[in-house]
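Engineer: Residue numbers (my numbering), protein chains in the order written: chain A, 381 to 635; chain B, 381 to 635.
The C-beta atom is built at its ideal place from N, Cα and C for all residues, glycine as well.
Computed from a predicted structure; not experimentally measured.
Protein chains: 2
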Amino acid sequence: MSGRVTVIGLGPGDSRLLTEAASEALARAEDLIGYIPYVARVPEREGLRRHASDNRVEVDRARHALELAASGRRVAVVSGGDPGVFAMAAALFEAVERGDPAWARLDIVIEPGITAMLAAAARVGAPLGGDFCALSLSDNLKPWEVVTARLEAVLRADFVVALYNPISSARPWQLGAALELAAGIRPQETPVIFARAVTRPDESIRVLTLAQAREAPADMATLVILGASGTRLIPRGEGVSPFVYTSRSVARGAA
Amino acid sequence: MSGRVTVIGLGPGDSRLLTEAASEALARAEDLIGYIPYVARVPEREGLRRHASDNRVEVDRARHALELAASGRRVAVVSGGDPGVFAMAAALFEAVERGDPAWARLDIVIEPGITAMLAAAARVGAPLGGDFCALSLSDNLKPWEVVTARLEAVLRADFVVALYNPISSARPWQLGAALELAAGIRPQETPVIFARAVTRPDESIRVLTLAQAREAPADMATLVILGASGTRLIPRGEGVSPFVYTSRSVARGAA
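1. Pull up the distance between the alpha-carbon of E618 (chain B) and that of A499 (chain B), whole angstroms please.
2. Assign V458 (chain B) to one of three DSSP states: helix, strand, or coil.
3. Give me the subset of the region 526 to 543 of chain B whose CB atoms are less than 8 angstroms from a CB atom of chain A, sorted by chain position.
4. Counting contacts by CB-CB distance shorter than 8 angstroms, is F512 (chain B) in contact with chain A?
5. Let me know the secondary structure DSSP gives A635 (chain A) once reduced to three states.
6. Take the Cβ of Q554 (chain B) as the centre, count every other Cβ of all protein chains shown within 10 Å, and call the residue buried at 16 or more, exposed below.
7. Using a Cβ-Cβ cutoff of less than 8 angstroms, which residues in the same chain neighbour A631 (chain B) once the five nearest sequence positions on both sides are dropped?
8. So what does DSSP say about I585 (chain B), is it helix, strand or coil?
9. Give me whichever residues DSSP pairs with A467 (chain B) in a beta bridge.
10. R478 (chain B): buried (16+ other C-beta within 10 angstroms of its C-beta) or exposed?
11. Assuming A409 (chain B) is part of the beta strand (DSSP E), what are its boundary residues?
12. Measuring only the C-alpha atoms, how far is D511 (chain A) from F539 (chain A)?
13. Distance cutoff 8 angstroms, beta carbons only. Does D462 (chain A) sit that close to anything in chain B?
14. Report the three-state DSSP secondary structure of L486 (chain B) (helix, strand or coil).
15. By the criterion of Cβ-Cβ separation under 8 angstroms, what are the contact partners of E333 (chain A) in chain B?
16. Let me know if N520 (chain A) comes out buried or exposed under the rule of 16 or more other beta-carbons within 10 Å of its beta-carbon.
17. May I ask you to list the residues that DSSP assigns as paired with H431 (chain A)?
18. Am I right that P392 (chain A) and A496 (chain A) are in contact with their C-beta atoms under 8 angstroms? What's the rounded C-beta distance?
19. Taking the alpha-carbon of A544 (chain A) as reference, which of A:L412, A:A575, A:E410 and A:G414 has the nearest alpha-carbon?
20. Quick one: is R464 (chain A) buried, meaning 16 or more other Cβ sit within 10 Å of its Cβ, or exposed?
21. Give the DSSP-derived three-state secondary structure of G391 (chain B) in the structure shown.
22. Does any C-beta atom of chain A lie closer than 8 angstroms to the C-beta of G393 (chain B)?
23. Within 8 angstroms of any Cβ in chain B, is that where the Cβ of Y625 (chain A) sits?
24. Assign F623 (chain B) to buried or exposed, taking buried as 16 or more other Cβ atoms, counted over all protein chains shown, within 10 Å of its Cβ.
25. Candidates B:L613, B:P571, B:D582 and B:E532: which alpha carbon is nearest A593 (chain B)'s?
26. L521 (chain A) CB to nearest chain B CB: under 8 angstroms?
27. Taking 8 angstroms as the CB-CB limit, is T386 (chain B) close to chain A?
28. Alpha carbon to alpha carbon, how far is A445 (chain A) from L535 (chain A)?
29. Starting from A514 (chain A), trace the beta strand (DSSP E) in both directions and tell me its first and last residue.
30. Within 8 angstroms of any Cβ in chain B, is that where the Cβ of F574 (chain A) sits?
31. I want to verify the contact list: residues of chain A whose CB lies under 8 angstroms from the CB of T495 (chain B), in sequence order.
32. Please list the partners that I490 (chain B) has in chain A, where partner means a Cβ-to-Cβ separation under 8 angstroms.
33. Does the CB of I614 (chain A) have a neighbour CB from chain B at under 8 angstroms?
34. Using the beta-carbon of each residue, which ones in chain A are nearer than 7 angstroms to S459 (chain B)?
35. Whose Cβ in chain B lies nearer than 8 angstroms to the Cβ of V476 (chain A)?
36. If I'm right that A501 (chain A) touches P507 (chain A) with Cβ under 8 angstroms, what's the distance once you round it to whole angstroms?
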């Protein structure tokens with residue numbers, strides 16, 4: 381088999397945040413597979429067949445990519461952010477494991493990208509400057525009790541926490557519940573960042589307190605970063621959002 | 381003040397993993413500041429002053445960058461991986477907070493990069509496919525008891541864990557202690573990845589079991605990923621390293 385699947389991280393939105401390796405892999409592809417808005421980010425060109433699909437069909441999409449590659453095509457599966465972080469790469473390997481045994485011998489390459497928490501953090505300063513976790517609030521694939529047990533564990537251990545998939549029309553209350561849990565463990569003035577559509581034309585970034593965050597709107601395009609005890613604000617003057625960073629140092633007895 | 385500091389993520393090593401935005405920021409810089417091997421990655425050019433410094437002087441380096449920017453220079457501070465993940469961005473904001481109040485009004489931009497855990501994960505499959513944490517094993521800036529308390533918390537909550545700064549000549553035993561702690565909580569056959577110098581000419585990536593990892597050598601350039609209960613191997617045939625991925629799904633009662 382001469383086909384190949386490359387799973388490509390498109391980063392948060394701005395094409396200037398693609399790596400050169402990701403751009404090269406897109407240029408070499410014959411078939412382009414992905415969720416509609418990600419496929420739409422890739423310019424049309426001669427010789428590139430486009431297969432855009434709706435959300436929530438990750439494993440079907442992965443199987444389609446593997447079938448095309450097994451037939452000899454050079455396939456690019458596009459993913460927002462980094463493909464390995466709550467995105468297409470794990471779905472692809474699930475399909476490999478459950479599918480045609482020959483698929484495990486295909487040439488499968490993952491091209492990393494700038495995941496949302498890195499892009500959001502860069503926009504406000506360095507809130508991930510200490511130890512941190514990435515936790516998906518979606519309970520589509522794991523029980524909600526697992527989500528809350530994990531969140532409570534890392535809040536108590538004083539990690540900064542990036543919350544992916546905080547809310548959707550089908551999951552309207554999970555973010556509120558998570559922030560309520562956080563408010564029982566962390567001070568009300570803890571910095572919380574709501575970073576929406578980072579680097580895209582409709583970007584909106586808010587630096588809030590935990591108390592304010594509990595009243596603030598969010599949507600599917602929002603990434604939430606909950607600060608830890610070492611997360612601090614540096615005021616920058618009137619009308620300018622403060623820098624937010626987490627100190628690298630932890631005092632003795634702080635944990 | 382017309383100066384600017386841009387803290388630039390160079391990614392894991394291969395220049396093809398820089399973002400276009402990072403490359404552009406390097407091209408605009410007048411002064412280049414950073415740890416010797418990172419400065420060495422940036423080609424020399426006319427008009428670029430190079431200020432390479434030894435490791436462990438992050439805050440001095442940050443102050444130097446801020447002073448130059450305050451005098452009107454366009455300064456690039458270069459960092460391996462992503463500047464916001466155990467790298468220069470937090471040190472820069474520490475210097476801003478403690479330094480000349482005018483520094484908080486400087487134009488400070490963070491250009492994100494591919495951090496080591498994303499690059500390492502991409503090389504083997506999708507081991508960060510579920511919830512995960514990034515934890516520095518260095519006890520230079522935090523007490524060792526904080527490191528172990530955090531590690532134990534996230535192991536018990538079944539996160540995948542990326543261990544940064546696992547070992548150095550001054551910290552020879554910490555990785556062994558961390559793996560011993562892990563072995564008390566996770567099964568001996570748990571997949572563990574030792575990813576050394578990812579994307580660089582001397583790259584070496586080993587997929588081990590937790591039992592094997594406890595006997596395996598590591599050095600400063602190694603990034604360790606400890607699998608969780610959902611981390612699985614997909615064999616690829618004789619002489620080829622298996623794919624490693626973490627399932628997106630968590631069964632009820634698994635936490």
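Structural biologist: Short version:
1. Just so you know, the alpha carbons of E618 (chain B) and A499 (chain B) end up roughly 25 angstroms apart.
2. In the structure shown, the three-state DSSP call for V458 (chain B) is strand.
3. Taking 8 angstroms as the Cβ-Cβ cut-off against chain A, the residues of the region 526 to 543 of chain B that qualify are V526, A529, R530, A533, V534, R536, A537, D538 and F539.
4. A Cβ of chain A is located within less than 8 angstroms of the beta carbon of F512 (chain B).
5. In this prediction, A635 (chain A) has a pLDDT of 47, which is less than 50 and means its spatial position is unreliable; what the coordinates show is noted afterwards. Three-state result, A635 (chain A): coil.
6. When all chains shown are included, Q554 (chain B) counts as buried.
7. Excluding sequence positions up to five before and after A631 (chain B), its CB lies less than 8 angstroms from no other CB in the same chain.
8. If DSSP states are grouped into helix, strand and coil, I585 (chain B) belongs with the strands.
9. A467 (chain B) pairs with nothing; no bridge assigned.
10. Under this definition R478 (chain B) is an exposed residue.
11. Looking at the DSSP string, A409 (chain B) is not in any beta strand (DSSP E), and its letter there is neither H nor E.
12. When rounded, the distance between both Cα atoms is 6 angstroms.
13. Any Cβ of chain B closer than 8 angstroms to the Cβ of D462 (chain A) would place that residue at the interface, and such an atom is present.
14. Looking at L486 (chain B) - three-state DSSP - the assignment turns out to be coil, as it is neither helix nor strand.
15. Residue 333 (chain A) lies beyond the range of chain A shown here (381 to 635); nothing can be said about it.
16. Per the 10 Å Cβ criterion, exposed.
17. A:I413.
18. With 8 angstroms as the limit, P392 (chain A) and A496 (chain A) qualify as a contact, their Cβ atoms being about 6 angstroms apart.
19. Here the sequence assigns Tyr to residue 544 (chain A), which means Ala is not the residue at that position. Residue nearest to Y544 (chain A) within the set A:L412, A:A575, A:E410 and A:G414 is A:A575 (criterion: CA-CA distance).
20. As written in the sequence, residue 464 (chain A) is Gly, which differs from the Arg given in the question. G464 (chain A) should be labelled buried.
21. DSSP places G391 (chain B) in strand when its eight states are reduced to three.
22. Under the 8 angstroms criterion on CB atoms, G393 (chain B) is classed as non-interfacial with respect to chain A.
23. At a cut-off of 8 angstroms between beta carbons, Y625 (chain A) contacts chain B.
24. Label assigned to F623 (chain B): buried.
25. Selected option, being the one with the closest Cα: B:P571.
26. True, the Cβ-Cβ gap to chain B drops below 8 angstroms.
27. No, no contact with chain A.
28. Going from the Cα of A445 (chain A) to the Cα of L535 (chain A) covers about 39 angstroms.
29. Under the DSSP assignment, A514 (chain A) falls in the beta strand (DSSP E) whose first and last residues are F512 to S516.
30. Judged by the 8 angstroms Cβ criterion, F574 (chain A) is not in contact with chain B.
31. Result: L498.
32. Simply A501, A502, R503, G505 and A506.
33. It does; some Cβ of chain B falls within 8 angstroms.
34. Within 7 angstroms Cβ-Cβ: nothing; S459 (chain B) doesn't reach chain A, min ~11 angstroms.
35. Ordered by position in chain B, the residues that pass the 8 angstroms Cβ test against V476 (chain A) are I614 and F623.
36. Confirmed, about 5 angstroms.
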